[in-house]
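**Student:**
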Amino acid sequence: MEPGAAYPVLLSPLQVGHLRLRNRVVMGSMHTKLEDRRGDLPKLTAFYTERARGGVAMIVTGGFAPTWRGWLTPFSSTMATTRMADAHSAMTDAVHSEGSAILLQLLHAGRYGYHPLSQAPSGKKSPITPFRPSRMSEDAVRRTVESFVRAAELAKRAGYDGVEVMGSEGYLINQFLAARTNDREDSWGGTPEKRRRFPTEIVRRMRERLGEDFLIQYRISLIDLVEDAQSWDETAALARELEKVGVSLFNTGIGWHEARIPTIVTSVPRAAFVDLTARLRREVSLPVIASNRINRPETAEEILQRGDADLVAMARPLLADAAFVAKAGSGREREIVTCIACNQACLDNTFANKPVSCMLNPRAGRETELVLGPARTIKRVAVVGAGPAGLAAAVELAGRGHRPELFEASGSLGGQFRLAARIPGKEEFRGTLQYYEHMLALREVPVHLNCRVTATELAGFDEVVVATGVTPRVPEIPGLERPEVVTYQELLEGTAIAGARVAVIGAGGIGFDVSEFLLHDSDETLAHWRARWGVADPAVHRGGLTQKAPQEPRRTVYLLQRTPGALGKGLGKTTGWVHRMTLRDSGVEMIGGVEYLGVDEDGLHISLASTDPQNPERTERTLAVDTVVLCAGQESVRDLAEDSAVKIPVHTIGGAERAGELDAVRAIRQATELAARI
Ligand code: FAD
Ligand code: NAP
Ligand code: SF4
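What follows is the structure in structure tokens.
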């Protein structure tokens, strides 16, 4: 088969308005934080240029507010003056010279603005921001419409091929469209027709002022996933009206940010919402873009071949691999670093006000700083341990021309990450291990499994990378030697089996994951996932919400921690709530402020901090469980790192370097940075 022949539609060109796109891949908007300061524009240019060189047809920038009242955070990215526009010209030129088109996303945060000057159709505060917006006067509404049009004119001046009008995810335009957030009785609210006036006015005026050779892409919310939201009929009517007033193509959005249904995390099935894109495509005669949890070329091709969409938008997958399209087009799809939808180094960073990157590609957003060029002096490097740190080090060292060899004590690759891949809803993690396995073979890295390395095995190497990782911590609690006490590693590897009633000691990421492993299997079908989360057809239930199906957990599970207060506070900002809700829905009792007294034939004995200030006495309780699983953190494996018999330079990375606050993001980042230095 010819390279790329597997994706005939994905790789075929498409005429959209005045533009001929070279294929069907659109890079969806991502706020990287490099947009916010003019001084960072060269870095943003490098970020986009690398993706354009990697073959995407069209890039949508992160969101730019058309006016400061629409900022996401104080002083965040704005497009409101000619000076701001002119600063973007070098960036649009650079992207064009690599053959991609580029659109500026116009995003007015409305009540999602994280600042005291936010404005919205009504004065209702959002549940996810501390600031109450001021209610817009009619004059303010008209001025805001004009600010969108003016920002589009500035985008044209800056060399953009068009704009994306952000009409989904619960931002200002979406707030106008839903009765939930628009209680106005003037000409901008009161009926669905009047609520639609805000976006249709924006687009109508943009088209009038900007002419035909400018793309207006509208991101439409297909399913709001909140109460008092739009019905499908209203969404379809909006699309038809927008087509009439001058939209060129539709991108699609799923769910408001305040929705309590996961829409992009790893446990959401791939392409879970694409049936709605197909439905929109039947309502309009314009091209339609599918989005959300599309991360592989095969998935994208299937969507296009079925006729569900004309293009696909991928955002995080292009953080993970800038050359996604080029690899798909040259028969190298197994070399694609596939986004696992973990959010750990991208969206979670955004919420922590840090620049966006990627767990699997630490170069993302750091293209000008983290450079993996050819090695000047080729070295023989022993890489010890094949967890994420060792795998990434070996692959990147080989990529630079060094001669690494990888040693692993167990019989398989992956370390702790291999256990993560056994958790229901984390199936994507398997793809990462397959990628590393493929790259080791492709770069001809010798791999020695079942080989526990000591100083003796290092003879003949120039340097050693110690990536020996971590081992589960066994705390000092009486009775832990009993057979019903197991580590998470034994449970997940299948060398131990849990009974019907289980206590999990430790409520970090692993305690939560292990609880899910104990409770349920992966969702068998998309219908099963929808039922579990109460996702309905928005044509039947306004907003697409219905009752969740009751869960039938496999076991009774208690999840425990010593720290008082709510459990799961340390979990990812954008994913933690999904895990907490899953356990709550399955009836898990989550207990903080625990002291572990011991395990015996009656179960696990604990004492609990008092919640009554009048009576500070602790109370004792016995959890009648038949299994206790230890998820009490980890300790570094450092025997090789500290072995004085090793006489070559030693680099210690990942869990071997430090077990505290370890995750795969740090392990892979340290490995990549080290590989760039050796
Ligand atoms: P490890 O993964 O511990 O790998 C070390 C390897 O070295 C092992 O394979 C070991 O056998 C080998 N080794 C040790 N000594 C020697 C020796 N002397 N010779 C040869 N080989 C040796 N992290 C996230 O970021 N996100 C998640 O969602 C996530 N989920 C998780 C879920 C579970 C259930 C678990 C268990 C972990 C999860 N993690 C997650 C944590 C993540 O897997 C670890 O942070 C990561 O694997 C650490 O990487 P590492 O390479 O430093 O060490
Ligand atoms: P962790 O987050 O450090 O949690 C360890 C848990 O064990 C805590 O609940 C801690 O709570 C408890 N603990 C610590 N020492 C103890 C002791 N001596 N006795 C009893 N309990 C003790 O570590 P982890 O859950 O093992 O996870 C390891 C790493 O993997 C984490 O850093 C995490 O980032 C990563 N991970 C991430 C995800 C994800 O979805 N992003 C999922 C899994 C793992 P108390 O001290 O309050 O008891
Ligand atoms: Fe995807 Fe995770 Fe990378 Fe974000 S950090 S792009 S979710 S793999």
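With our numbering applied, the sequence shown covers 7 to 684.
Here a beta-carbon is modelled for each residue, glycine too, at the ideal position from N, C-alpha and C.
Nothing here was measured: the structure is a model prediction, and the numbers come from that model.
1) Are at least three pairs of beta-carbons, each pair with one atom in the segment 94-104 and one in the segment 143-155, less than 8 angstroms apart?
2) Count the other CB atoms within 10 Å of the CB of residue 546; is the residue buried (16 or more) or exposed (fewer)?
3) Taking C-beta to C-beta, are residue 509 and residue 589 nearer than 8 angstroms?
4) Please classify residue 259: does DSSP put it in a helix, a strand, or coil?
5) Quick check for students: name the residue ranges of the beta strand (DSSP E) that lie wholly in the segment 499-541, counting only runs of 3 or more.
6) Could you check the C-alpha separation between residue 109 and residue 34 for me, to the nearest Å?
7) Is it buried or exposed for residue 480, if we count other Cβ within 10 angstroms and need 16 for buried?
8) Residues in the same chain with beta-carbon distance under 8 angstroms from residue 135, minus the five sequence neighbours each way, listed in chain order, please.
9) Can you tell me whether residue 210 is helix, strand or coil according to DSSP?
10) Residue 65 bridges to which residues according to DSSP?
11) Mind checking whether residue 126 and residue 178 have CB atoms under 8 angstroms apart?
12) Less than 7 angstroms between C-beta atoms, sequence neighbours within five positions excluded: which residues of the same chain meet that for residue 132?
13) How many angstroms separate the CA atom of residue 535 from the CA atom of residue 442?
14) Say yes only if the C-beta of residue 345 is nearer than 7 angstroms to one or more non-hydrogen atoms of ligand 1, and no if none qualify.
15) Does residue 604 come out as helix, strand or coil in the three-state DSSP assignment?
16) In three-state terms, what does DSSP make of residue 296?
17) What's the C-alpha gap between residue 293 and residue 256?
18) Within the same chain, show all residues whose beta-carbon is closer than 6 angstroms to that of residue 606, passing over the 5 residues directly before and after it, in chain order.
19) Between residue 376 and ligand 3, is there a pair consisting of the residue's CB and a ligand heavy atom that are separated by less than 7 angstroms?
20) In terms of DSSP beta bridges, what is residue 410 paired with?
21) In the DSSP output, which residue or residues are listed as bridge partners for residue 319?
22) With distances taken Cα to Cα, identify the nearest neighbour of residue 654 among 112, 466, 623.
23) Have a look at residue 43 and residue 98 and give me their C-alpha separation to the nearest angstrom.
24) Please report how far the alpha carbon of residue 660 lies from the alpha carbon of residue 682, in whole angstroms.
25) Is residue 270 closer than 8 angstroms to residue 302 when the C-beta atoms are compared?
26) How long is the line joining the alpha carbons of residue 332 and residue 374, rounded to whole angstroms?
27) For residue 477, name the three-state secondary structure that DSSP assigns.
28) Contact check, residue 112 vs residue 170 under 8 angstroms by CB: the rounded distance?
29) Taking the beta carbon of residue 648 as the centre, do at least 16 other beta carbons fall within 10 Å, making it buried, or is it exposed?
30) Look up residue 662 in the DSSP assignment and say whether it is helix, strand or coil.
31) State the start and end residues of the unbroken alpha helix (DSSP H) segment that holds residue 95.
32) Would you mind stating whether residue 343 and residue 321 have Cβ atoms separated by less than 8 angstroms?
33) Near residue 358, what residues of its chain come up, given a Cβ to Cβ distance below 8 angstroms and the 5 sequence neighbours on each side ignored?
34) What residue from 356, 262, 130 has the CA that sits closest to residue 691's CA?
35) Quick check on residue 171: does DSSP put it in helix, strand or coil?
36) Where DSSP assigns a beta bridge to residue 419, which residues make up the other side?
**Tutor:** Considering the structure as presented:
1) Three or more beta-carbon pairs separated by less than 8 angstroms are not found between the segment 94-104 and the segment 143-155, which leaves the two stretches without contact.
2) Residue 546 is exposed by the Cβ-count criterion.
3) Not closer than 8 angstroms, so no.
4) Of the three classes helix, strand and coil, the one that applies to residue 259 here is strand, per DSSP.
5) Within the segment 499-541, the complete beta strand (DSSP E) runs of at least 3 residues are 507-511.
6) For residue 109 and residue 34, the distance between alpha carbons rounds to 10 angstroms.
7) Exposed: under 16 other Cβ atoms inside 10 Å.
8) So the qualifying residues of the chain are 117, 118, 119, 120, 124.
9) In this structure, residue 210 counts as helix in the three-state DSSP scheme.
10) Listed as beta-bridge partners of residue 65 by DSSP are 33, 108.
11) Yes.
12) Exclusion of the five residues before and after residue 132 leaves 117, 118, 264 as the residues of its chain whose Cβ lies within less than 7 angstroms of its Cβ.
13) Each residue's alpha carbon lies about 29 angstroms from the other.
14) Residue 345: no, Cβ never under 7 angstroms from ligand 1.
15) DSSP places residue 604 within a strand segment (E or B) once states are collapsed to three.
16) Judged by DSSP in its simplified three-state form, residue 296 adopts strand.
17) If you take the alpha carbons of residue 293 and residue 256, they lie about 6 angstroms apart.
18) Counting only Cβ-Cβ distances below 6 angstroms, and skipping sequence neighbours, we find 485.
19) For ligand 3, not one heavy atom lies less than 7 angstroms from the Cβ of residue 376.
20) Bridge partners of residue 410: 387.
21) DSSP, once it has assigned bridges, lists 32 as partnering residue 319.
22) Of 112, 466, 623, the residue nearest in Cα terms is 466.
23) Each residue's alpha carbon lies about 17 angstroms from the other.
24) Between the C-alpha atoms of residue 660 and residue 682 there is a straight-line separation of about 16 angstroms.
25) Result no, Cβ atoms of residue 302 and residue 270 do not sit closer than 8 angstroms.
26) Just so you know, the alpha carbons of residue 332 and residue 374 end up roughly 21 angstroms apart.
27) Strand, per DSSP.
28) The Cβ separation is near 7 angstroms, so the contact holds.
29) Exposed is the call here.
30) Correct three-state label for residue 662: helix.
31) Residue range 95-103 is occupied by the alpha helix (DSSP H) that includes residue 95.
32) No, these two residues do not count as a Cβ contact at 8 angstroms.
33) Once the five neighbours on either side are set aside, the close Cβ partners of residue 358 are 579.
34) Lying before the first or after the last residue shown, residue 691 is absent from the chain, which here runs from 7 to 684.
35) In this structure, residue 171 counts as strand in the three-state DSSP scheme.
36) Note: residue 419 sits in no beta bridge, so no partner.
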